[in-house]
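*Asks:* Chains as they are written, first to last, in my numbering: chain A, 56 to 282; chain B, 1099 to 1330; chain C, 2 to 59.
1. Starting from residue 1170 of chain B, find everything on chain A with Cβ-Cβ shorter than 8 Å and list it in chain order.
2. Is the CB of residue 1321 of chain B under 9 Å away from at least one CB in chain A?
3. Show which residues of chain A have a CB atom less than 7 Å away from the CB atom of residue 1257 of chain B.
4. According to DSSP, residue 1139 of chain B sits in a beta bridge with which residue or residues?
5. Looking only at its own chain, which residues have a Cβ that is under 7 Å from the Cβ of residue 273 of chain A, when we skip the five neighbours before and after it?
6. Between residue 1236 of chain B and chain A, is any beta-carbon pair separated by less than 9 Å?
7. Which residue wins for smallest C-alpha separation from residue 73 of chain A, given the options A:163, A:249, A:237, A:176?
8. Ignore the nearest five residues each way along the sequence and tell me which others in residue 263 of chain A's own chain have a CB closer than 7 Å to its CB.
9. Taking a contact to mean a Cβ-Cβ separation below 9 Å, would you say residue 232 of chain A touches residue 1253 of chain B in this structure?
10. By Cβ distance below 7 Å, which residues in the same chain neighbour residue 100 of chain A in space, the five residues on each side in sequence not counted?
11. When the Cα atoms are used, what is the spatial distance from residue 1229 of chain B to residue 1238 of chain B?
12. Alpha carbon to alpha carbon, how far is residue 226 of chain A from residue 209 of chain A?
13. Span of the alpha helix (DSSP H) holding residue 183 of chain A?
14. Got a sec, what are the start and stop residues for the alpha helix (DSSP H) residue 73 of chain A sits in?
15. Which residue's Cα is closest to the Cα of residue 94 of chain A: A:161, A:279, A:80, A:178?
16. What is the C-beta distance between residue 1295 of chain B and residue 1182 of chain B, in whole angstroms, given that I count them as a contact (C-beta under 8 Å)?
17. DSSP on residue 1148 of chain B, reduced to helix/strand/coil?
18. Which residue marks the beginning of the alpha helix (DSSP H) containing residue 219 of chain A, and which one marks its end?
19. Does any residue of chain C bring its CB to less than 9 Å from the CB of residue 1269 of chain B?
20. Ignore the nearest five residues each way along the sequence and tell me which others in residue 1307 of chain B's own chain have a CB closer than 7 Å to its CB.
21. Just to confirm before moving on: does the CB-CB distance between residue 1145 of chain B and residue 1192 of chain B stay below 9 Å?
22. Leaving out five residues on either side along the sequence, give the residues of the same chain with a beta carbon under 6 Å from the beta carbon of residue 1177 of chain B.
23. Assuming residue 1305 of chain B contacts residue 1113 of chain B (C-beta within less than 8 Å), just tell me the rounded distance between them.
24. Kindly say whether residue 1216 of chain B, judged by its beta-carbon, lies nearer than 9 Å to any beta-carbon of chain C.
25. Mind checking residue 1287 of chain B: buried by the 16 CB within 10 Å criterion, or exposed?
26. Using a Cβ-Cβ distance cut-off of 9 Å, determine whether residue 1310 of chain B contacts chain C.
27. Is DSSP giving residue 1310 of chain B helix, strand or coil here?
28. Considering Cα atoms alone, identify which of B:1313, B:1318, B:1320 is closest to residue 30 of chain C.
29. Whole angstroms is fine: what's the gap from residue 1262 of chain B's alpha carbon to residue 43 of chain C's?
30. Using 9 Å as the threshold, is the C-beta distance between residue 1044 of chain B and residue 1195 of chain B below it?
31. Could you give the C-beta distance for residue 43 of chain A and residue 234 of chain A, rounded to a whole number, given that I count them as a contact under 8 Å?
32. Whole angstroms is fine: what's the gap from residue 1189 of chain B's alpha carbon to residue 1155 of chain B's?
33. Please report the Cβ distance between residue 1245 of chain B and residue 135 of chain A, rounded to the nearest whole angstrom; I am assuming they are in contact, meaning their Cβ atoms lie under 8 Å.
34. Flag residue 1246 of chain B as yes if its beta-carbon sits less than 9 Å from any beta-carbon of chain A, otherwise no.
35. For residue 165 of chain A, which residues from the same chain have a beta carbon less than 6 Å from its beta carbon, with the 5 sequence-adjacent residues on both sides left out?
36. Of the residues A:169, A:257, A:197, A:70, which one's Cα is nearest the Cα of residue 89 of chain A?
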């Protein structure tokens, strides 16, 4: 049973990543959009290096959240062609594999995006993530995972709604507040230095939020897809 | 089709009168009976509406949570109708709570808004349940609408304490959160009177709103029957 | 007291808004239930549906 779940999840992840690989345009558009958001921050805040690096953690996460939100909607839209989701659903076995597969697809896409985005942000916003790079990477992965967990869940929920482009952020962002706070604060501390040693607390909190949201979303997910 | 309860009448007028009396008594007691707070002056009397409004909102969202669970377990549309009634009332009173808190905050703290954990969480809670109501407006199929709304009602309710915790953590790193001072006896009684009045108000509003929800569901069903050529 | 003098308008505004919200919401509920009842009367929901109605009922 467990191994079947893993196999099914892997199959969906592989299928979605293949689709992404074969249609690289949409991913390039995502990257350009994220970079564009960073430029807009620069224009809005001004070129002062101190201000930019102080706000860097928050700006980076807003860029990731906005871009991620756009890509979330697409994960389930790709299934609408020729009734893909119905096909996945009627296939016997654990329905949670659909959620897990889509979640990992979103996570993988965002991580690839961040690999490109972080160096760009470091240059544009004068960030210095290199001193504590492993911590910085760990925080980014934890935050991205939390975002993907909640985001995939709500993307699936809003898939059949009218005006879903509007509904997804309306539902997602309030629910994401804990993950966002944890990720932004931990990132800022890892970038700007952490004299009072608060970073460990934020990381533990981020891990706790990730686990809670993951368990709740995974547990309740079959109700979302029910026909 | 189940039988249609009356929209007005029944126990509602009696309950309405009771609510009005309780609310008037609460307002009168809050404004006239208790002396003004020694530190804050008369503006502290806003507590007698602010706290009960917040209580009503929390109660309403707790009911949404319970009704959502019941709906998902039993799949009886009446739980869904109760949940949406409660959510609407909760949104109205959460918004009122925020406005009252703002009015209280301006003369005491000097600002309309502060990033206090409770205040911030209340605002996020408002957004969660506005989302709940908007999703309902955008879903067409009644069964799916009820199921999706119930999921949002459950996840949203679970989310509220987590949001509170995270904001608390965020704020305590900068400044201690504002905490209520202990209160003298008569303050507590007046506060309890108002909390009681708002609770009756909630029950009354729920009765009214639920009946409307049932009636509108009847109308929707008839409309569906008429639109569906196979049934007509 | 200084606080009392400066705070009173906020207090009055708070209570006025509370009651205004109450009145507004009740007014809205009344209007909605009135609309629903009219629509139901119009659709004949208080009587059996038209398809199954007895001919001598009209």
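Positions of the beta carbon are idealized from the N, C-alpha and C atoms, including for glycine. Since we're looking at a predicted model, the values are computed, not measured.
*Replies:* Let me spell this out:
1. 278
2. no
3. Residues of chain A whose Cβ lies closer than 7 Å to the Cβ of residue 1257 of chain B are, in chain order, 230.
4. B:1135
5. 151, 154
6. True, the Cβ-Cβ gap to chain A drops below 9 Å.
7. A:163
8. none
9. no
10. Leaving aside the five residues that flank residue 100 of chain A on each side, the residues in its chain whose CB is nearer than 7 Å to its CB run, in chain order, 106, 107, 110.
11. 16 Å
12. 7 Å
13. Residue 183 of chain A -> no alpha helix (DSSP H), and no H or E assigned at all.
14. Where residue 73 of chain A is concerned, the enclosing alpha helix (DSSP H) starts and stops at 57-77.
15. A:178
16. About 24 Å separates the two Cβ atoms, so there is no contact after all.
17. helix
18. 219-247
19. No - not a single Cβ of chain C is within 9 Å of the one on residue 1269 of chain B.
20. So the qualifying residues of the chain are 1183, 1186, 1187.
21. no
22. 1165, 1168, 1169
23. With 8 Å as the limit, residue 1305 of chain B and residue 1113 of chain B qualify as a contact, their Cβ atoms being about 6 Å apart.
24. no
25. exposed
26. yes
27. helix
28. Nearest of B:1313, B:1318, B:1320 to residue 30 of chain C, Cα basis: B:1313.
29. Whole-angstrom Cα-Cα distance: 48 Å.
30. With chain B covering only 1099 through 1330, there is no way to say anything about residue 1044 of chain B.
31. No answer is possible for residue 43 of chain A: the residues shown for chain A start at 56 and end at 282.
32. 7 Å
33. Their Cβ separation, rounded to whole angstroms, is 19 Å, which puts residue 1245 of chain B and residue 135 of chain A out of contact at 8 Å.
34. yes
35. 123, 199
36. For the residues A:169, A:257, A:197, A:70, the minimum Cα distance to residue 89 of chain A belongs to A:169.
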